[in-house]
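Taking it in order: structure first as structure tokens, then the write-up.
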Amino acid sequence: MSRKGVGLGAFDRTRISSAQYASHGSNLRTSHSTSLATQLSVFRSLLQQFAQTHAKDIRSNPTFRAEFARMCAAIGVDPLASSNSAAGKDGNGSFWAQMLGTSVNDFYFELAVRVVEVCGATREENGGLIGVKEVKDRIISTRMEGGAEITDDDILRAVTTLKPLGSSYSTLTVGRKLYIRSIPKELNKDQSAVLEAAQLLGYVSISMLMLNLKWPRARAKTAIDDLVSESMLWIDTQCEEWEYWSPGFMLEVEGTGNIDV
Numbered sequence: 010m011s012r013k014g015v016g017l018g019a020f021d022r023t024r025i026s027s028a029q030y031a032s033h034g035s036n037l038r039t040s041h042s043t044s045l046a047t048q049l050s051v052f053r054s055l056l057q058q059f060a061q062t063h064a065k066d067i068r069s070n071p072t073f074r075a076e077f078a079r080m081c082a083a084i085g086v087d088p089l090a091s092s093n094s095a096a097g098k099d100g101n102g103s104f105w106a107q108m109l110g111t112s113v114n115d116f117y118f119e120l121a122v123r124v125v126e127v128c129g130a131t132r133e134e135n136g137g138l139i140g141v142k143e144v145k146d147r148i149i150s151t152r153m154e155g156g157a158e159i160t161d162d163d164i165l166r167a168v169t170t171l172k173p174l175g176s177s178y179s180t181l182t183v184g185r186k187l188y189i190r191s192i193p194k195e196l197n198k199d200q201s202a203v204l205e206a207a208q209l210l211g212y213v214s215i216s217m218l219m220l221n222l223k224w225p226r227a228r229a230k231t232a233i234d235d236l237v238s239e240s241m242l243w244i245d246t247q248c249e250e251w252e253y254w255s256p257g258f259m260l261e262v263e264g265t266g267n268i269d270v
């Protein structure tokens with residue numbers, strides 16, 4: 010009984026089939042890439058038309074401004090990044106400046122300056138770690154009457170304009186709270202866990218960490234000492250066991266006049 014497909018001819022046919030599959034796959038990838046590029050170009054064009062039509066709302070309404078910025082991000086457009094592709098006298102400037110004039114663009118850069126001022130003024134109190142809401146509240150409390158409304162989203166976008174300053178300014182989440190870090194030091198996992206625990210009652214103690222996180226005393230003390238040395242925790246020595254308080258929590262209590270521990 011003869012058996013077909015054996016020998017050099019079979020190997021040749023296999024090589025030809027593999028080459029054909031590879032060529033077909035390459036053609037499909039090229040076609041898909043071209044199609045996606047065309048769709049993105051259309052989306053960007055429509056986005057520009059939308060920005061020009063609703064420029065006033067984008068400038069004055071923070072919720073509308075945030076949603077528009079998210080629309081931009083969804084198709085890979087950074088409104089605050091410099092671009093040479095849009096219209097303008099010299100073709101330069103951010104998407105905000107090109108589509109809406111410089112007012113929105115300046116708003117974020119001016120807001121970034123205020124963020125830096127607040128972070129600098131409070132660094133001795135909090136060690137360079139301050140809540141986004143606290144920054145917003147401080148800025149709002151000193152703004153002129155009739156000034157633009159500011160949201161947490163605006164603060165976060167303003168912080169992104171500080172990226173050229175390096176790692177000194179960034180945002181991070183501890184527990185369920187967003188913070189701005191204005192020092193280059195990174196928090197390790199133990200320090201983050203301690204700060205997250207401090208959000209619940211406003212303070213932590215060594216025995217509390219040992220009991221709830223199952224840490225040995227040395228590990229709990231090391232994490233706390235590191236945060237105290239950076240002024241990220243304050244010490245209350247009037248208790249039977251020393252308590253280590255979150256500066257942000259204390260400032261919130263001072264602002265509301267309420268404490269429930």
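Position one of the sequence shown corresponds to residue 10 (our numbering), numbered consecutively onward. A virtual CB, placed ideally from N, CA and C, is assigned to each residue, including glycine. All of these numbers come straight from a predicted model, not from anything done at the bench.
Checklist entry - Roughly how many angstroms separate the alpha carbons of residue 234 and residue 126, rounded to a whole number? => result 27 angstroms
Checklist entry - Going by beta carbon distance, what residues of the same chain come within less than 8 angstroms of residue 124, once the five residues before and after it are set aside? => result 144, 148, 164, 167, 168, 171, 178 and 189
Next on the checklist: Among the candidates 78, 230 and 43, whose CA atom is the shortest distance from the CA of residue 57?
Outcome noted: 78
Item to check | Start and end residues, alpha helix (DSSP H) containing residue 180 | outcome: Taken as a continuous stretch (DSSP letters only), residue 180 belongs to no alpha helix (DSSP H), being part of the beta strand (DSSP E) at 179–183.
Checklist entry - Nearest to residue 120 by alpha carbon, out of 137, 138 and 151? => result 151
Next on the checklist: Tell me the rounded alpha-carbon separation between residue 70 and residue 81.
Outcome noted: Each residue's Cα considered, the two are about 17 angstroms apart.
Checklist entry - Under the three-state reduction of DSSP, which class applies to residue 98: helix, strand or coil? => result Caution applies to residue 98, whose pLDDT of 44 falls short of 50 and renders its modelled position unreliable; the value that the coordinates give is listed next. Residue state, collapsed to three classes: coil.
Checklist entry - Between the C-alpha atoms of residue 96 and residue 140, what's the straight-line distance to the nearest angstrom? => result Residue placement at residue 96 cannot be trusted, given a pLDDT of 41 that sits under 50; what the coordinates show is reported in the next sentence. So the two alpha carbons sit approximately 38 angstroms from each other.
Next on the checklist: For the alpha helix (DSSP H) containing residue 147, name the first residue and the last one.
Outcome noted: 141–151
Next on the checklist: Using 8 angstroms for Cβ pairs, my map puts residue 7 next to residue 202. What's the rounded Cβ distance?
Outcome noted: Since the first residue shown for the chain is 10 and the last is 270, residue 7 is missing from the structure and cannot be characterised.
Checklist entry - Roughly how many angstroms separate the alpha carbons of residue 131 and residue 62, rounded to a whole number? => result 41 angstroms
Next on the checklist: By alpha-carbon positions, which one of 228, 161, 210 and 232 ends up nearest to residue 258?
Outcome noted: 210
Checklist entry - With 16 other CB atoms within 10 Å as the buried threshold, where does residue 129 fall? => result exposed
Next on the checklist: Closest to residue 194 by C-alpha separation, out of 138, 65 and 242, would be which residue?
Outcome noted: Each of 138, 65 and 242 was checked against the Cα of residue 194, and the nearest Cα belongs to 138.
Next on the checklist: Checking the sheet assignment: what are the DSSP bridge partners for residue 190?
Outcome noted: 138 and 179
Next on the checklist: So the candidates are 184, 135 and 117; which of them puts its Cα closest to the Cα of residue 162?
Outcome noted: 117
Item to check | Segment limits, alpha helix (DSSP H) that includes residue 164 | outcome: 161–169
Checklist entry - In angstroms, rounded to a whole number, what distance separates the CA positions of residue 253 and residue 226? => result Per the coordinates, the alpha-carbon of residue 253 lies some 15 angstroms from the alpha-carbon of residue 226.
Item to check | Per-residue DSSP class, three states only, for residue 133 | outcome: helix
Checklist entry - Tell me, which residues are paired with residue 213 by DSSP? => result 253
Checklist entry - For residue 236, which residues from the same chain have a beta carbon less than 8 angstroms from its beta carbon, with the 5 sequence-adjacent residues on both sides left out? => result Cβ-Cβ distances below 8 angstroms link residue 236 to 136, 200, 203, 204, 242 and 253 in the same chain, with the five nearest sequence neighbours on each side left out; the list follows chain order.
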